[in-house]
Amino acid sequence: AMAVGIDPAHEDETTLGLVESLAQGEMFASADDPGIIIGAKLAENLDLELGKKVVYTVTDKSGEITSGLARVSGILETGAPEIDSATCLLPIDSMRKVLGYEADEATQIAVFLASHRQAADVSAALAGEIGSDTVMVMPWDQALPELAGFITMKQTGNVVLQGIITILIAAGIFNTLFVSVMERLREFG
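Quick note on the numbering used here: the sequence shown kicks off at 15 and runs consecutively.
1. Look at the Cβ atom of Ile144, then the Cβ atom of Leu103, and state whether they are nearer than 9 Å.
2. Applying the criterion that 16 or more other CB atoms from any shown protein chain within 10 Å of the CB defines a buried residue, is Thr101 buried or exposed?
3. Starting from Gly53, trace the beta strand (DSSP E) in both directions and tell me its first and last residue.
4. In the DSSP assignment, the beta strand (DSSP E) including Val72 goes from what residue to what residue?
5. Relative to the C-alpha of Ala54, which candidate in Ala94, Thr190, Val72, Gln122 has its C-alpha closest?
6. Report buried or exposed for Arg110, applying the criterion of at least 16 other Cβ atoms within 10 angstroms of its Cβ.
7. Using the Cα positions of Thr190 and Phe164, report the straight-line distance between them to the nearest angstrom.
8. Which same chain residues, not among the five before or five after Val72, have their C-beta less than 8 Å away from its C-beta?
9. To the nearest whole angstrom, what separates the beta carbons of Pro153 and Ala133, a pair I think is in contact under 8 Å?
10. Could you check whether Leu62 and Ala208 sit closer than 9 Å to each other, using their CB atoms as the reference points?
11. Output the boundary residues of the alpha helix (DSSP H) element that contains Thr101.
12. Taking the alpha-carbon positions, what's the Leu140 to Val151 distance?
13. Short of 6 Å in beta carbon distance, which residues of its chain neighbour Gly19, apart from the five on each side in sequence? Order them along the chain.
14. Give me the Cβ distance between Gly207 and Ile89, rounded to the nearest whole Å; I'm assuming they're in contact under 8 Å.
15. Among the candidates Ser35, Lys66, Gly77, Leu60, whose CA atom is the shortest distance from the CA of Pro48?
16. Given that a residue counts as buried once 16 or more other Cβ atoms are within 10 Å of its Cβ, and exposed if not, what is Phe192?
17. Kindly provide the ranges of any alpha helix (DSSP H) runs that are 4 or more residues long and lie completely inside the stretch 154–188, ordered along the chain.
18. Between Ala37 and Glu91, how many whole angstroms is the CB-CB distance? I'm expecting something under 8 Å.
19. How is Gly114 classed by DSSP in three states: helix, strand or coil?
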């Protein structure tokens, strides 16, 4: 499963679309809330429901395996099996505590833009601005290549489906015109 630490004070429908997919329960009240929000399929597979305790195991900052305890406070149902079967949201401070990070440390920071088309330009500008060997800046399609591949595959499938529909419509129109002309062929001489 993929554990994501979020700061509920700074998240909304714009920055975290998963908020809209909260099928049961509620969003965290604070950054150190003892809860966990999990995907619906993951909850089903682990026989979890609201209020049940979960022990999660992660690799901390130094590479050691460590565990945390949380109570299920919400269940996500996005309709995307990849997310519903593998996503856990935890409050950022709870996550930092388990991972051994300070308040100013993170493994990944997401920057949300008005359009995904700006990603390459903004990441290049940020990389130039930060200029650090310890920080890596990359656009979303490099950070999440599986998601980028899934989106490309879906778009390609849509183009193929639209092409098939267009051909069927054109064949129907051509057939109607052809039959109409063939019926009147004697009239034309």
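Yeah, the Cβ is synthetic: ideal placement off N, Cα and C, and Gly gets one too.
So, from the data block:
1. Numbered from 1 along the sequence shown, position 130 holds the residue referred to as residue 144. Numbered from 1 along the sequence shown, position 89 holds the residue referred to as residue 103. Cβ atoms of Ile144 and Leu103: not closer than 9 Å.
2. Here the question's residue 101 lines up with position 87 in the sequence shown. Buried.
3. Translated into positions along the sequence shown, residue 53 becomes position 39. That run of the beta strand (DSSP E) goes 49–53.
4. Locating residue 72 in the sequence shown gives position 58, where the first residue counts as 1. For Val72, the uninterrupted beta strand (DSSP E) run begins and ends at 67–73, by DSSP.
5. If you number the sequence shown from 1, residue 54 lands on position 40. Ranking Ala94, Thr190, Val72, Gln122 by Cα distance to Ala54 puts Ala94 first.
6. Counting from 1 along the sequence shown, the entry for residue 110 is found at position 96. In this structure Arg110 is buried. Its beta-carbon is surrounded by 16 or more other beta-carbon atoms within 10 angstroms.
7. Your numbering for residue 190 matches position 176 in the sequence shown. Your numbering for residue 164 matches position 150 in the sequence shown. Rounded to whole angstroms, Thr190 to Phe164 spans 39 Å at the Cα level.
8. Indexing the sequence shown from 1 puts residue 72 at position 58. The answer, listed in chain order, is Ala17, Ile79, Thr80, Ser81, Gly82, Val112, Leu113.
9. Counting from one through the sequence shown, the residue named residue 153 turns up at place 139. Counting from one through the sequence shown, the residue named residue 133 turns up at place 119. The pair is a contact, with the Cβ atoms about 4 Å apart (cut-off 8 Å).
10. Residue 208 is absent from the model: the chain starts at 15 and stops at 203.
11. Looking up residue 101 in the sequence shown gives position 87. For Thr101, there is no enclosing alpha helix (DSSP H); the enclosing beta strand (DSSP E) has its first and last residue at 101–105.
12. Looking up residue 140 in the sequence shown gives position 126. Looking up residue 151 in the sequence shown gives position 137. Between the C-alpha atoms of Leu140 and Val151 there is a straight-line separation of about 7 Å.
13. Working through the sequence shown from its first residue, we reach residue 19 at position 5. Taken in chain order, the residues that qualify are Leu104, Ile106, Met109.
14. There is no way to answer for residue 207, as the model of the chain reaches only from 15 to 203.
15. As a position in the sequence shown, residue 48 is number 34, starting the count at 1. Closest in C-alpha terms to Pro48, from the list Ser35, Lys66, Gly77, Leu60, comes Lys66.
16. By 1-based counting over the sequence shown, the position of residue 192 is 178. Classification for Phe192: exposed.
17. Fully enclosed alpha helix (DSSP H) runs of 4 or longer: 154–157.
18. As a first step, residue 37 is located in the sequence shown; it is residue number 23 there, counting from the start. As a first step, residue 91 is located in the sequence shown; it is residue number 77 there, counting from the start. Contact between Ala37 and Glu91 holds, since their C-beta atoms are separated by about 4 Å, short of 8 Å.
19. On the sequence shown, position 100 is the one that residue 114 refers to. It is coil, neither helix nor strand.
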